[in-house]
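J.: Protein chains in written order, with this note's numbering: chain V, 85 to 525; chain U, 426 to 711. From the three backbone atoms N, C-alpha and C, an ideal C-beta is built for every residue, glycine too.
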């Protein structure tokens, strides 16, 4: 352990909070197991391959205090422009459930969409299997901190054979405090056999001061179920955002995630998918945009069963003095014959000072598989830029059009129109400093 | 040409133009490509520029449109009295200069309709015309699409992506129709076209001829000039115009080949014999 001070800091906070929590003893036991795991793992140093480009010790050191209650104005969500009003949504502020800002909407009565805290009071059995540190993320020190410190979380279960047409939104608002504070929100989605659901997870910052948003998401895609997941990261300019995310896909299940990362000073997205049953499929798509920011993407796809399929498309747009990282691992286990895995990473550098590292990693232990990966780093196409300018489009608009076009593969596939518009607006604003007209088809 | 009768100055005046291609790497010297080119085009006129590979035809087109990667080392280019070389590519387009590309660029992710609307509105705004909304633009585009028989399906696809050679060239002429330029430079618009596509493209171009518009049609072959009949024909060799004449010059060239002009032929006395660079010199980077 390079810096025992960082670990001690978290252990001390844990001890201080322990006495103050009023919760069942088994919940406290799950927390204790998690903090013990954190102590055991320690904060990774730079010799740790996974943390070669991002300084974990600096993140851990903070100093962060646990985030307190944050009161949100009722219109705080309306101003996000995500079209939440009409959709079922659960809202959290600094990891605490905000019931008055949440609504089931027209959600089918069979769907559980609630907070951890409410479920602990009404039906704790539902929650119990998901309270600890997911085994697939059991070597992630910061994920262990979420399991130890989470104040609350969102829990959604879609019952067998039910198709929920409307997207379900879960919004985590980060409200920086006077002193740097840490929130540890959790999210669980269980899609039972044969069900279908779309979940939109939004992390939005309501302030630019230093803040730690350390998150943990878990999705279970049952047999023959289909889950579409969208993750929009719009944290404030001073925030450190850590995402730990795991999806387990059972037989013939299908999981698709599209992640868009625009905010935070430092963001690290650690996404893992386990294809546990034959015929399971997943697609992990991500767009990461950085302007003078640091964004570190980890993906981990584990093919554990035959006839499983994975698709990854990670696209990065890096401007100013920003740093982007993509590190994608695909493992194909001996049992996973007929695996079909594709991984693509494409990066667009908009400035001479932006840097990107792209590292694919294939570990193939089966012989009858189809695996490919590819990675590109480039600038805007000079020929295309000249073509647009030769038609009267000014240089800034031409750059904007080409940049939006680069992102379009991800943004066009976002399932909600309001989300697409919001993302395109943010892209323009962040990269080119002004809102422009929409990208008509 | 009606040099005596016209009291107004030409729309395009190129005087002793010398231009080089900048080296693509960090080192190396410029490659001179245009070596003292003179050319004047009046409004309403269609001029053809012919020449062998490497003579500098495409370089001239690129220099007129302002493509990065070239340096004008001496001479001048005046468009309606303004110094074209001091303007950005978009300023030239807005002023009314249009280049139909030899190799139209594919732009994945940008719909053709959106691109055309942005371009048309950028040019309109610079002329003080009102911008067109989506519906108004669609009406205008449909009208112009008929000129070059472009199916509506091509409008919702990405710019030139997966278009056939003929579709790309028709799309260029459609852009010309929508942008309504004063000077159109057609860079080897016939290359890669079969005879049917050539006919469609040529009839589109002919429909856009008019007393207020000038055109410079660049081609390697005489064939295109059967369809787009020029007022003047110029032969470029070694970066200079070595011979000019009426439309019959194109036929003569076809019969005798470029070697005839490059060797001096019955040239109207170029000041030097066919330039320093032979007809086989490298074509300017495209």
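Taking 8 Å as the threshold (C-beta atoms), are residue 245(V) and residue 279(V) in contact?
T.: Along the first chain, read from residue 1 onward, the residue named residue 279(V) stands at position 195. Along the first chain, read from residue 1 onward, the residue named residue 245(V) stands at position 161. Yes, Cβ-Cβ distance for residue 279(V) and residue 245(V) is below 8 Å.
J.: To the nearest angstrom, how far is it from the Cα of residue 514(V) to the Cα of residue 205(V)?
T.: Within the first chain, residue 514(V) is the residue found at index 430, counting from 1. Within the first chain, residue 205(V) is the residue found at index 121, counting from 1. For residue 514(V) and residue 205(V), the distance between alpha carbons rounds to 43 Å.
J.: Run the CB neighbour count on residue 213(V), radius 10 Å, all protein chains shown included, and call it buried at 16 or more, exposed below.
T.: Here residue 213(V) refers to the residue found at position 129 when the first chain is read from its first residue. That one is exposed.
J.: Who are the neighbours of residue 512(V) on chain U, taking C-beta pairs under 9 Å?
T.: On the first chain, residue 512(V) is found 428 positions in, with the first residue counted as 1. Ordered by position in chain U, no residue passes the 9 Å Cβ test against residue 512(V), which lies about 14 Å from the chain.
J.: What residues match up with residue 601(U) in a beta bridge as DSSP calls it?
T.: The residue given as residue 601(U) occupies position 176 in the second chain. Answer is none; residue 601(U) lacks a bridge partner.
J.: Enumerate, from N- to C-terminal direction, the unbroken beta strand (DSSP E) stretches of 3 or more residues contained entirely within the segment 453-505 of chain U.
T.: Qualifying beta strand (DSSP E) stretches, in chain order: 456-466, 471-475 and 495-504.
J.: Rank 655(U), 528(U), 638(U) and 613(U) by C-alpha distance to the C-alpha of residue 604(U) and give the top, closest one.
T.: Here residue 604(U) refers to the residue found at position 179 of the second chain. Per the Cα distances, 638(U).
J.: For the segment 94-168 of chain V, which segments carrying the alpha helix (DSSP H) assignment without a break, of at least 4 residues, lie completely within its bounds, in sequence order?
T.: Within the segment 94-168 of chain V, the complete alpha helix (DSSP H) runs of at least 4 residues are 109-125 and 140-145.
J.: Do residue 548(U) and residue 518(U) have their beta-carbon atoms positioned less than 8 Å apart in this structure?
T.: Within the second chain, residue 518(U) is the residue found at index 93, counting from 1. Within the second chain, residue 548(U) is the residue found at index 123, counting from 1. Yes, they are a contact pair.
J.: So residue 118(V) and residue 216(V) are in contact, right, with Cβ under 8 Å, and what is the actual spacing, rounded?
T.: The count along the first chain starts at 1 and reaches residue 118(V) at position 34. The count along the first chain starts at 1 and reaches residue 216(V) at position 132. Rounded, the Cβ-Cβ distance is 6 Å, consistent with contact.
J.: My assumption, with CB atoms under 8 Å, is that residue 485(U) sits in contact with residue 503(U). Please give the rounded CB distance.
T.: What you label residue 485(U) is simply residue 60 of the second chain in a count that begins at 1. What you label residue 503(U) is simply residue 78 of the second chain in a count that begins at 1. Not a contact, Cβ separation roughly 15 Å.
J.: Pull up the distance between the alpha-carbon of residue 643(U) and that of residue 283(V), whole angstroms please.
T.: The count along the second chain starts at 1 and reaches residue 643(U) at position 218. The count along the first chain starts at 1 and reaches residue 283(V) at position 199. Using only the alpha carbons, I get a separation of about 57 Å.
J.: Looking only at C-alpha atoms, which of 499(V), 516(V) and 387(V) sits nearest to residue 252(V)?
T.: Start at 1 with the first residue of the first chain, and residue 252(V) comes out as number 168. Looking at the Cα atoms, 499(V) is the closest of the given residues.
J.: Given a cut-off of 8 Å, decide if residue 452(V) and residue 421(V) are closer than it, judged by their beta-carbon atoms.
T.: Numbered from 1 along the first chain, position 337 holds the residue referred to as residue 421(V). Numbered from 1 along the first chain, position 368 holds the residue referred to as residue 452(V). Yes. Within cutoff.
J.: What are the uninterrupted segments assigned as beta strand (DSSP E) that are 3 or more residues long and contained completely in the segment 316-358 of chain V, given in chain order?
T.: Segments of the beta strand (DSSP E) lying fully in the segment 316-358 of chain V: 323-333 and 338-345.
J.: For the alpha helix (DSSP H) that residue 483(V) lies in, which residues bound it at each end?
T.: Here residue 483(V) refers to the residue found at position 399 of the first chain. That run of the alpha helix (DSSP H) goes 479-495.
J.: Assuming residue 514(U) is part of the alpha helix (DSSP H), what are its boundary residues?
T.: Within the second chain, numbered from 1, the residue matching residue 514(U) stands at position 89. Its alpha helix (DSSP H) spans residues 514-520.
J.: Below 8 Å on the Cβ atoms is my guess for residue 327(V) versus residue 399(V); work out the distance and round it to an integer in Å.
T.: Here residue 327(V) refers to the residue found at position 243 when the first chain is read from its first residue. Here residue 399(V) refers to the residue found at position 315 when the first chain is read from its first residue. Contact doesn't hold; Cβ gap of about 17 Å is too wide.
J.: What residue range does the alpha helix (DSSP H) around residue 621(U) cover?
T.: Numbered from 1 along the second chain, position 196 holds the residue referred to as residue 621(U). 620-632 is the extent of the alpha helix (DSSP H) around residue 621(U).
J.: Use the C-beta contact count for residue 109(V): other C-beta atoms within 10 angstroms, 16 or more gives buried, fewer gives exposed.
T.: Here residue 109(V) refers to the residue found at position 25 when the first chain is read from its first residue. Exposed, because fewer than 16 other Cβ atoms sit within 10 Å of the Cβ of residue 109(V).
J.: Which residues, taken in chain order from the segment 603-629 of chain U, show a beta carbon closer than 8 Å to some beta carbon of chain V?
T.: Hits within the stretch, in order: 604.
J.: Taking the straight line between their C-alpha atoms, what separation do you get for residue 690(U) and residue 681(U)?
T.: Along the second chain, read from residue 1 onward, the residue named residue 690(U) stands at position 265. Along the second chain, read from residue 1 onward, the residue named residue 681(U) stands at position 256. Low per-residue confidence applies at residue 690(U): pLDDT is 46, beneath 50, and the placement is therefore not dependable, though the value from the model is reported in the following sentence. The straight-line gap from Cα to Cα measures roughly 10 Å.
J.: By the three-class DSSP mapping on this structure, what secondary structure does residue 473(V) have?
T.: Against the first chain, residue 473(V) aligns to sequence position 389. Here residue 473(V) sits in helix by DSSP.
J.: Check whether the Cβ of residue 492(U) lies closer than 8 Å to any Cβ atom in chain C.
T.: No chain C is part of this structure, whose protein chains are labelled V and U.
J.: Taking only beta-carbon positions, decide if residue 467(V) is within less than 8 Å of chain U.
T.: Working through the first chain from its first residue, we reach residue 467(V) at position 383. Cβ-Cβ to chain U under 8 Å: yes for residue 467(V).
J.: Which two residues bound the contiguous beta strand (DSSP E) that contains residue 561(U)?
T.: Taking the second chain and counting its residues from 1, the one referred to as residue 561(U) is at position 136. First-last for residue 561(U): 559-572, but that is the alpha helix (DSSP H), not the beta strand (DSSP E).
J.: Can you name, in chain order, every residue of its own chain whose Cβ lies under 7 Å from the Cβ of residue 569(U), other than the five neighbours on each side?
T.: Mapped onto the second chain, residue 569(U) falls at position 144. Taken in chain order, the residues that qualify are 599, 602 and 603.
J.: Cβ of residue 208(V) versus every heavy atom of the ligand FAD: is any distance shorter than 7 Å?
T.: The ligand content of the structure shown is nil, which means the ligand FAD is not present either.
J.: Rank 302(V), 322(V), 344(V) and 175(V) by C-alpha distance to the C-alpha of residue 332(V) and give the top, closest one.
T.: Within the first chain, residue 332(V) is the residue found at index 248, counting from 1. The shortest C-alpha separation from residue 332(V) is found at 302(V).
J.: Does DSSP put residue 526(U) in a helix, in a strand, or in coil?
T.: The sequence position of residue 526(U) within the second chain is 101, counting from 1. The answer is coil: DSSP assigns residue 526(U) none of H, G, I, E or B.
J.: Looking at the structure shown, is residue 644(U) part of a helix, part of a strand, or coil, going by DSSP?
T.: Working through the second chain from its first residue, we reach residue 644(U) at position 219. If DSSP states are grouped into helix, strand and coil, residue 644(U) belongs with the strands.
J.: If we ignore side chains and look at the alpha-carbon of each, how far apart do residue 588(U) and residue 475(V) end up?
T.: Counting from one through the second chain, the residue named residue 588(U) turns up at place 163. Counting from one through the first chain, the residue named residue 475(V) turns up at place 391. About 19 Å.
J.: Taking Cβ positions, are residue 440(U) and residue 505(U) nearer each other than 8 Å?
T.: Position 15 of the second chain holds residue 440(U). Position 80 of the second chain holds residue 505(U). In this structure, residue 505(U) does not lie closer than 8 Å to residue 440(U) by Cβ.
J.: How far does the beta strand (DSSP E) with residue 426(V) in it reach, from first residue to last?
T.: The count along the first chain starts at 1 and reaches residue 426(V) at position 342. Taken as a continuous stretch (DSSP letters only), the beta strand (DSSP E) holding residue 426(V) covers 424-433.
J.: Indicate whether at least one CB of chain V lies closer than 8 Å to the CB of residue 551(U).
T.: Here the question's residue 551(U) lines up with position 126 in the second chain. Yes, residue 551(U) counts as interfacial toward chain V.
J.: On the DSSP bridge assignment, give the partners of residue 401(V) in chain order.
T.: The residue you call residue 401(V) lines up with position 317 of the first chain. 373(V) and 432(V), per the DSSP bridge assignment.
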